[in-house]
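Novice: The following block contains the structure, expressed as structure tokens.
2 protein chains.
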Amino acid sequence: MELTEVTKNSNIIFSGKIINLRVDDVVLPNGKITTREIVEHNGGVSILAINKSGKIIMVEQYRKPAEKMLLEIPAGKLNIGEEPIECAKRELMEETGYIAKELKHLFSFYPSPGFSTEILHLFLANDLEKGVSNTDPDEFLNVHEYTVDEIKGIMQKGLIEDAKTLIALLYYIK
Amino acid sequence: MELTEVTKNSNIIFSGKIINLRVDDVVLPNGKITTREIVEHNGGVSILAINKSGKIIMVEQYRKPAEKMLLEIPAGKLNIGEEPIECAKRELMEETGYIAKELKHLFSFYPSPGFSTEILHLFLANDLEKGVSNTDPDEFLNVHEYTVDEIKGIMQKGLIEDAKTLIALLYYIK
Chain Y
977 MELTEVTKNS
987 NIIFSGKIIN
997 LRVDDVVLPN
1007 GKITTREIVE
1017 HNGGVSILAI
1027 NKSGKIIMVE
1037 QYRKPAEKML
1047 LEIPAGKLNI
1057 GEEPIECAKR
1067 ELMEETGYIA
1077 KELKHLFSFY
1087 PSPGFSTEIL
1097 HLFLANDLEK
1107 GVSNTDPDEF
1117 LNVHEYTVDE
1127 IKGIMQKGLI
1137 EDAKTLIALL
1147 YYIK
Chain B
977 MELTEVTKNS
987 NIIFSGKIIN
997 LRVDDVVLPN
1007 GKITTREIVE
1017 HNGGVSILAI
1027 NKSGKIIMVE
1037 QYRKPAEKML
1047 LEIPAGKLNI
1057 GEEPIECAKR
1067 ELMEETGYIA
1077 KELKHLFSFY
1087 PSPGFSTEIL
1097 HLFLANDLEK
1107 GVSNTDPDEF
1117 LNVHEYTVDE
1127 IKGIMQKGLI
1137 EDAKTLIALL
1147 YYIK
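Chains Y and B supply the protein sequences, listed in that same order. For what it's worth, our numbering labels the leading residue of the first sequence as 977, then goes sequentially. For what it's worth, our numbering labels the leading residue of the second sequence as 977, then goes sequentially.
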């Protein structure tokens, strides 16, 4: 059954640094009109990075919406027009100092397809050279490196609370 | 290193049916002030439901932000004050007609912790009885049941593009 919703009107509510918000009037499959609240986001990348010792590179940062520190894989937002694979190399280098020579695409997914256009591309990087990290001046994070056994323990305690990181770790460690 | 961001001001931009939007002025660890664009969402649940034949219950629905049909596990939003496990039973019944006698909590996670307060609780349900589905009048979806081998094929083709569904399937099928 085809369930497309046709847009009748689109009202821009907010244009920000990271997200925009619009409310669309759409026609449902039964002909009724409803509204859809849609957050526009340019998308991003995340990197499951494994160093030469087999350790997984993680970053810990304060996430204002969660009001706490979260332990995540390295990630970042796509610049306008930027290729995901180039963004992944750039973000990994900026956040952790690691240079990835080769990246393998694993999955692309919508974190919140009910209300957000954000799409995330996940890459595997296991051919790493150590360079120098260079975080944005307003970006603050702690870099950690964990063995697979350490990560399993962290997951079992429920301390991985970020969707993209769960996807990467469940893919890798089972 | 403690990296808490202290809120100085909070400005409500929009209050909607599903989400609200606010922009916070926060103090960074270096003392500088910046803004955080934050989507408020009441959170939700998702259910990895396995029927008596070992098939995985999936729902296919049009996702306006993605402008296409996505194949996902059953899921839904928490009502105000609703317990996640009660919400999971209700949503599974409404969307698929299955009654779950027992649910096991697997993970709770933020789909988009960079800008959204949404938290999702994922449950496993493998003790199902068939009841009668009862979708919301403005909710349109197709229910499918797949064997593990069929799901593996669908994943390998890159046709699972929803984060919570990838988490559930990677947990279950590997």
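The C-beta atom is built at its ideal place from N, Cα and C for all residues, glycine as well. What you are looking at is a predicted structure, and each value in this text was computed from that prediction instead of being measured.
Have a look at the DSSP bridge pairing and note the partners of A1101(Y).
Specialist: Mapped onto the first sequence, residue 1101(Y) falls at position 125. Answer is A1025(Y), bridged to A1101(Y).
Novice: Please state whether DSSP places V1108(Y) in a helix, a strand or coil.
Specialist: Here residue 1108(Y) corresponds to residue number 132 of the first sequence, with the count starting at 1. DSSP places V1108(Y) in coil when its eight states are reduced to three.
Novice: Around the C-beta of P1113(B), are 16 or more other C-beta atoms found within 10 angstroms, so that it is buried, or is it exposed?
Specialist: As a working mapping, residue 1113(B) is identified with position 137 in the second sequence. Per the 10 Å Cβ criterion, exposed.
Novice: Give the secondary structure of M977(B) by DSSP, where H, G and I count as helix, E and B as strand, and everything else as coil.
Specialist: Within the second sequence, numbered from 1, the residue matching residue 977(B) stands at position 1. Reduced to three states, the DSSP call for M977(B) is coil.
Novice: Can you check whether the CB of G1107(B) is closer than 8 Å to the CB of G1073(B)?
Specialist: As a working note, residue 1073(B) is residue 97 in the second sequence. As a working note, residue 1107(B) is residue 131 in the second sequence. Going by C-beta atoms, G1073(B) is nearer than 8 Å to G1107(B).
Novice: Could you work out which residues of chain Y lie near D1125(B), taking near to mean beta carbons separated by less than 9 Å?
Specialist: If you number the second sequence from 1, residue 1125(B) lands on position 149. Per Cβ cutoff of 9 Å: no residues; D1125(B) is ~18 Å from chain Y at best.
Novice: On the DSSP letters alone, give me the boundaries of the beta strand (DSSP E) that Y1147(B) sits inside.
Specialist: On the second sequence, residue 1147(B) is found 171 positions in, with the first residue counted as 1. It is not in any beta strand (DSSP E) - Y1147(B) instead sits in the alpha helix (DSSP H) that spans A1139 to I1149.
Novice: Tell me, which residues are paired with N985(B) by DSSP?
Specialist: As a working note, residue 985(B) is residue 9 in the second sequence. In DSSP, N985(B) forms a bridge with D1001(B).
Novice: Which same chain residues, not among the five before or five after V1003(B), have their C-beta less than 7 Å away from its C-beta?
Specialist: On the second sequence, residue 1003(B) is found 27 positions in, with the first residue counted as 1. Excluding positions up to five away in sequence, the list reads E981, V982, K984 and I1009.
Novice: Quick check: S1092(B) and V1015(B), are their CB atoms within less than 8 Å of each other?
Specialist: For the purposes of this step, residue 1092(B) is taken as the residue at position 116 of the second sequence. For the purposes of this step, residue 1015(B) is taken as the residue at position 39 of the second sequence. For S1092(B) and V1015(B), yes; Cβs fall inside 8 Å.
Novice: Less than 8 Å between the C-beta atoms of H1097(Y) and H1081(Y), yes or no?
Specialist: On the first sequence, position 121 is the one that residue 1097(Y) refers to. On the first sequence, position 105 is the one that residue 1081(Y) refers to. Closer than 8 Å, so yes.
Novice: Assign I1061(Y) to one of three DSSP states: helix, strand, or coil.
Specialist: The residue given as residue 1061(Y) occupies position 85 in the first sequence. DSSP places I1061(Y) in helix when its eight states are reduced to three.
Novice: Could you check whether I1049(Y) and A1139(Y) sit closer than 8 Å to each other, using their CB atoms as the reference points?
Specialist: Within the first sequence, the letter at position 163 stands for residue 1139(Y). Within the first sequence, the letter at position 73 stands for residue 1049(Y). No, they are not a contact pair.
Novice: Give the residues from the segment 1057-1074 of chain B that approach chain Y closer than 7 Å (Cβ to any Cβ), ordered along the chain.
Specialist: The residues in question: there are none.
Novice: So, helix, strand or coil for K1040(Y), using DSSP?
Specialist: Taking the first sequence and counting its residues from 1, one reaches residue 1040(Y) at position 64. Coil at K1040(Y), not helix or strand.
Novice: Excluding the 5 residues flanking E1078(B) on each side, which residues of the same chain have their C-beta closer than 6 Å to its C-beta?
Specialist: Indexing the second sequence from 1 puts residue 1078(B) at position 102. Once the five neighbours on either side are set aside, the close Cβ partners of E1078(B) are D1103.
Novice: Taking C-beta pairs closer than 9 Å, name the residues in chain Y that L979(B) reaches, listed in chain order.
Specialist: Here residue 979(B) is taken as the residue at index 3 of the second sequence, counted from 1. Simply E1036, Q1037, Y1038, M1045, F1116, L1117 and N1118.
Novice: Using only alpha-carbon positions, find the residue among E978(B), E1067(B), S1088(B) and I1033(B) that is nearest to I994(Y).
Specialist: The residue labelled residue 994(Y) in the question sits at position 18 within the first sequence. The residue with the shortest Cα to Cα distance from I994(Y) is S1088(B).
Novice: Would I1130(Y) and L1047(Y) be called neighbours here (beta carbons separated by less than 8 Å)?
Specialist: Numbered from its first residue, the first sequence carries residue 1130(Y) at position 154. Numbered from its first residue, the first sequence carries residue 1047(Y) at position 71. Result yes, Cβ atoms of I1130(Y) and L1047(Y) sit closer than 8 Å.
Novice: For T1010(Y), name the three-state secondary structure that DSSP assigns.
Specialist: Reading the first sequence from its first residue, position 34 is the one you call residue 1010(Y). Taken through DSSP and simplified to helix, strand or coil, T1010(Y) comes out as strand.
Novice: What is the residue span of the alpha helix (DSSP H) that I1127(B) lies within?
Specialist: What you label residue 1127(B) is simply residue 151 of the second sequence in a count that begins at 1. It spans V1124 to Q1132 - the alpha helix (DSSP H) in which I1127(B) sits, taken as one unbroken run.
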